[in-house]
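In my numbering, the protein residues as written are -19 to 940.
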Amino acid sequence: MSRLGKRSVLFVGILFHLVYLWSIFDIYFITPLVHGMQHFVSTDEPPAKRLFLIVGDGLRADKCFGAWSNATPGSSEYAAPFIRSKILEEGTFGVSHTRMPTESRPGHVAIIAGFYEDVSAVTKGWKENPVNFDSVFNQSRHTWSFGSPDILPMFAMGASDPDRVETYMYGHEFEDFTRDTRELDTYVFDKVEELFKNATTDPAVDAALRQEKIVFFLHLLGIDTAGHASRPGSVQYFENIQHIDAGIQKLQKAMDDFYQDGKTAWVFTADHGMSDWGSHGDGHPDNTRTPLVAWGAGVAKPDVSNPIGHDEFSIPWDLNVVKRVDVEQADVASLMSYLIGLNYPVNSVGRLPLDFIDAPLKVKSKAIVANAREILEQYRVKELQAIDTELNFKPFPRIENITSTLNSLISKMRHLDANGEYQSAIELAYELMRLGLQGLRYLQTYDWLFLRTLVTFGFVGWILYALTSFLDFYILPRKIDPSYGYELSFFAIGLLSVLFGVFYIKNSPLMHYLYAVFPVLFWETVAEYRISLWEGLKILIWNAGGLERNTVAKLTIQVIAFFALMEATVVGYFHREVFSVIYGMISVWPLIQNYEICRKNKALVLSWFVSCWLMSVFTLLPVVKVESMAQILVAGVLMTVVGIVGMLWLAKRSASGGHAISTFTMAVLGLQLGLVILSMVVTYSTVKSLQARKGLPFGNQIVGWLILGGSLALPFLHLKRKYHDYRARLLLIFLAFAPTFILLTISYEGLFYVTFFINLVFWVDLERKIYDNRRANENARRKVDKSTTNGNHVTETSSRRLELADIRIALFFFFLTQIAFFGTGNIASISSFSLDSVYRLIPLFDPFAMGALLLFKILVPFAVISADLGLLTQRLGVKPSSLFSMVLSISDILTLNFFYLVRDEGSWLDIGMSISHFCIASLLCVFVIALEYCSEVLVSGVTLESGDDVVEKNNGPVDR
């Protein structure tokens, strides 16, 4: 690949990271979906004629089953007494364990289809994207569904017969987080009642409702909406559970009166849970543990003789007198199929939970054998596909011949059935199901080694490529021609052709071709420019400050410190407190770096020390935040104080003959200050209205949007104006984003923003002082060199080359980007950034708009730090973008760590955390690239001459 310009390298970096971001999903979380399988009926003797599936969206198991002490002051009561009565008197209960991502679409797909969609399914749930695989609804004779327009259409549109699934949906305007969320579920219960009322006057409806193998699906969104708006520990969440509990009780009585045959089965569960901070999506146990209660025809009665299955999680529920039966979420589809005698969905990986059904062993045996055959059939079809596409395919060792395995199964089942050995047949079926699922996993992970090796070469290649480009742009005094060779080009083309050929034979997706392109191009380029890489490293390491000052021992210490910080950052993703420890260490960095500077600038060093220790507090605070208007207002007052003090300081300097500040600049700052104060007033009014459940006042919503837009627009009026004092520009940037951290925060986020900004200002000043001191020493040494070289002239350039000491600045910047993201959020997941504040501007459910607003708030600290590094680049006299490029060259060491820490087994908390870590680390690399452009905009027009803070462009002496 020929030498690229700086912009082209940045573009390649963005493209590479966006492509490789998807690599973990193509490797670790590929879909097991296959087509062309034979159907297997669950049972020929269905115990029920009809099934009610009721899903309480966002309902946690502990909140459903446990007692609430905050429901009524001074008392403790259960939110779902009717459901509890079914557990204790009529049915079977347990915890249904969901998988990542804990979102509505994948959760409902697992319940209704018995199939776990890949992680990308989280985005499919936000539009009418049909389910393109088999489901319980698709196998039913008819299904009536009631509820949200976000869930119902995907099953109706995905059915093999479009008329098989009827939908009754409310409009999107119902999904208002500021209204009484019980109205959502009232609509559902009313529509069900209306349907059965119509049956009394319409013979066609009555006949349809009396068919066998029919399903009624009630999607109850009120709990999820209340949890998002008020959190799972709130009275609103409790009242929503109470509401649906009463609604189900009323519904069952109506059904008993209508049918009067005892042939109705009931299944109550949830698609996912919810974290304490009102979010879901990751693998935290609060999100993955959902209730499952079944009762009615065909369901086993409570087992009081053997009340096992309980642990510390369920003991507080006071249900330990009956057996607890836990299942995987996909098992619910198999249970429902059996209860009304449907075919098992052909893509289902669920296993029929026999403890939930009331049937003789003979019936259970046949049902579980059919379940095993359905899973083995998936393995058979998938193995055939692998044989057609894989080179030198090796089958799963424990299922060498799937056809003989299936024939053997059928033969053994007949023998055991004839001899009445039903329990042995059940055990054999479970063993074969386990083997079938292991075989499916074997086929899913068949290409892991190959793809992970390819991705590893891609990341390492990018690190070397970025490092080579960095050295070429900013270290080497002249361009070094590449070491071209036909052999190298032919080898690269040949290797890429071989890889493409393998992917073609394997019928691989397009992304796999891209995974191959990047490492080949990167490594070819590194090989071509290997001389540039070597010479650049020699200059950076040995010649930047003279061999005598960069001894091997010192270099070794620096390398160890570098990798120690990178690995400490990795540990910090798992243990948030590590970032506090790092902050404590860098608080004393000036003392280690240059004691003379500390002695001359005691106030600045002390301010840096205090700000570092204040920053270290935030990563010790709980990530589960409760809305605190007091903290929001305190932060707003501090922002106002910083603004007023900054304006007075600028005015004083101008009056005393320093940098002259224009009336226009003061006017812009004054307007920004006014918006900060107005945002406090509006936020206070909005929060009070929402807490009183009066909804979002329309006037407040409009003013809030105007403040947000106006505060961001004002600085652009000043960007192109030349102004020498960089502090004025920093103050403009700080006040521009201050209203965001009032309007869109619920707790200490605003305090973090103020402290972070102050910490960055002190960092820039300290780096300037240290550089000025080092430059003064170098100038003094040059004068000595001049006198010993007969006065030969030393040419000065407009910018200096980077030195090894500048790597520390890049590492500081890298560390601060981690703090910018994790200072207020959970290390495990982005979902810890609460949505509560978004409702102050967007009351209706709109995931893309809400997500965009939340993402904007998360990225604000990045904009502030990019401006600081941009100014620091100018103040240190290095080439524009050089420090950003240095960070870009090292940041993927973190990403590569997390690539190998991604897990697809174990607890869903671990799996969710590993995905989040990799995505965050990878996207931070993209942010670094984007921040460079952001920096250019934010610091444009700032010049650094004149006054007592001068840094002249020609690297001349500092004016004092």
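Note that the Cβ used here is the ideal one computed from N, Cα and C, for glycine as well.
Note that this is a predicted model, so its numbers are computed, not measured.
Would residue i and residue j be called neighbours here (beta carbons separated by less than 8 Å)?
{"i": "VAL164", "j": "LEU132", "result": "One detail in the question is off: residue 164 reads as Leu in this sequence, not Val. It is not a contact, given that the beta carbons lie outside the stated cut-off."}
{"i": "GLN191", "j": "ARG121", "result": "yes"}
{"i": "GLY1022", "j": "ASP306", "result": "This structure cannot settle anything about residue 1022, because the visible part of the chain is limited to -19 through 940."}
{"i": "PRO333", "j": "GLU69", "result": "no"}
{"i": "VAL247", "j": "LEU315", "result": "yes"}
{"i": "LEU911", "j": "SER846", "result": "yes"}
{"i": "SER128", "j": "ALA93", "result": "no"}
{"i": "GLY850", "j": "GLU783", "result": "no"}
{"i": "GLU219", "j": "ARG162", "result": "yes"}
{"i": "MET627", "j": "MET646", "result": "yes"}
{"i": "SER659", "j": "ILE572", "result": "no"}
{"i": "LYS171", "j": "PHE126", "result": "yes"}
{"i": "TYR422", "j": "LYS342", "result": "no"}
{"i": "ILE485", "j": "THR599", "result": "no"}
{"i": "ASN877", "j": "ILE750", "result": "no"}
{"i": "PHE169", "j": "GLY258", "result": "no"}
{"i": "LEU852", "j": "ILE909", "result": "no"}
{"i": "ILE91", "j": "VAL273", "result": "no"}
{"i": "PRO325", "j": "PHE95", "result": "yes"}
{"i": "TRP275", "j": "LYS29", "result": "no"}
{"i": "THR82", "j": "ASP256", "result": "no"}
{"i": "VAL284", "j": "VAL301", "result": "yes"}
{"i": "GLY730", "j": "GLY616", "result": "yes"}
What residues are listed by DSSP as bridge partners for residue i?
{"i": "VAL247", "result": "LEU33 and ALA274"}
{"i": "LEU200", "result": "GLY36"}
{"i": "ALA47", "result": "TYR58"}
{"i": "MET149", "result": "GLY127"}
{"i": "HIS77", "result": "ARG269 and GLU308"}
{"i": "THR72", "result": "ALA274"}
{"i": "HIS122", "result": "ILE194"}
{"i": "ASN759", "result": "Paired residues: none, contrary to the question."}
{"i": "ASN323", "result": "VAL21"}
{"i": "VAL844", "result": "Per DSSP, none; premise fails for VAL844."}
{"i": "ILE337", "result": "VAL279"}
{"i": "LEU189", "result": "According to DSSP, which records beta bridges pairwise, LEU189 is partnered with nothing at all."}
Please go through the same chain and pick out, in chain order, the residues whose beta-carbon is closer than 7 Å to the beta-carbon of residue i, but skip the five residues on each side of it.
{"i": "PRO570", "result": "ILE577, CYS578, VAL585, TRP588 and LEU746"}
{"i": "SER591", "result": "THR735, ILE738, ASN739 and PHE742"}
{"i": "ARG(-13)", "result": "none"}
{"i": "HIS773", "result": "The predicted model places HIS773 with a pLDDT of 44, which falls under 50 and marks its position as unreliable; any figure quoted below should be read in that light. Nothing meets the Cβ criterion."}
{"i": "ALA347", "result": "SER22, THR23, TYR318 and LEU332"}
Please list, in chain order, all residues of the same chain as residue i whose beta carbon is under 8 Å from its beta carbon, the five residues on each side excluded.
{"i": "VAL568", "result": "PHE589"}
{"i": "VAL185", "result": "LEU175, ASN178 and ALA179"}
{"i": "ILE221", "result": "GLY36, LEU39, LYS43, CYS44, ALA59, ALA60 and ILE203"}
{"i": "SER833", "result": "One point to set straight first is that residue 833 is Leu, not Ser, in the sequence displayed. Result list for LEU833: LEU724, VAL818, LEU821 and ILE822, in chain order."}
Can you list, in chain order, the residues of its chain with a C-beta nearer than 6 Å to that of residue i? Leave out the 5 residues immediately preceding and following it.
{"i": "GLN119", "result": "LEU322 and ASN323"}
{"i": "VAL(-11)", "result": "SER449"}
{"i": "TYR150", "result": "TYR167"}
{"i": "PHE32", "result": "PHE196 and TRP246"}
{"i": "SER727", "result": "LYS605, SER608 and GLN611"}
{"i": "PHE717", "result": "VAL840"}
{"i": "GLN216", "result": "ALA206 and SER210"}
{"i": "ALA41", "result": "VAL75, ARG269, THR270 and PRO271"}
{"i": "ARG458", "result": "none"}
{"i": "LEU715", "result": "GLY623 and GLN652"}
Relative to the ligand ZN, is the shortest distance from any of its heavy atoms to the C-beta of residue i smaller than 7 Å?
{"i": "VAL741", "result": "Here there are no bound small molecules, and the ligand ZN is not part of this structure."}
query = Is the stretch 546 to 554 in contact with the stretch 711 to 724, if contact means three or more CB pairs nearer than 8 Å?
reply = no
query = Are three or more beta carbon pairs between the stretch 494 to 504 and the stretch 436 to 451 nearer than 8 Å?
reply = yes
request  = Any chance you could list the beta strand (DSSP E) runs of at least 3 consecutive residues sitting entirely within the stretch 364 to 434, in chain order?
outcome  = none
request  = Could you tell me whether the stretch 363 to 381 touches the stretch 413 to 426, where touching means 3 or more Cβ pairs closer than 8 Å?
outcome  = yes
task = Give a yes or no on contact between the stretch 458 to 473 and the stretch 403 to 411, applying the rule of three or more CB pairs nearer than 8 Å.
result = no
inquiry  = Three or more C-beta pairs under 8 Å: does that hold for the stretch 484 to 496 against the stretch 816 to 825?
reply    = no
task = Would you check if there are 3 or more beta carbon pairs closer than 8 Å linking the stretch 868 to 881 to the stretch 897 to 906?
result = yes
ask   = Which residue spans inside the stretch 572 to 650 form an unbroken alpha helix (DSSP H) run of at least 4?
value = 575 to 580, 582 to 598 and 609 to 635
task = Could you tell me whether the stretch 291 to 305 touches the stretch 382 to 400, where touching means 3 or more Cβ pairs closer than 8 Å?
result = no
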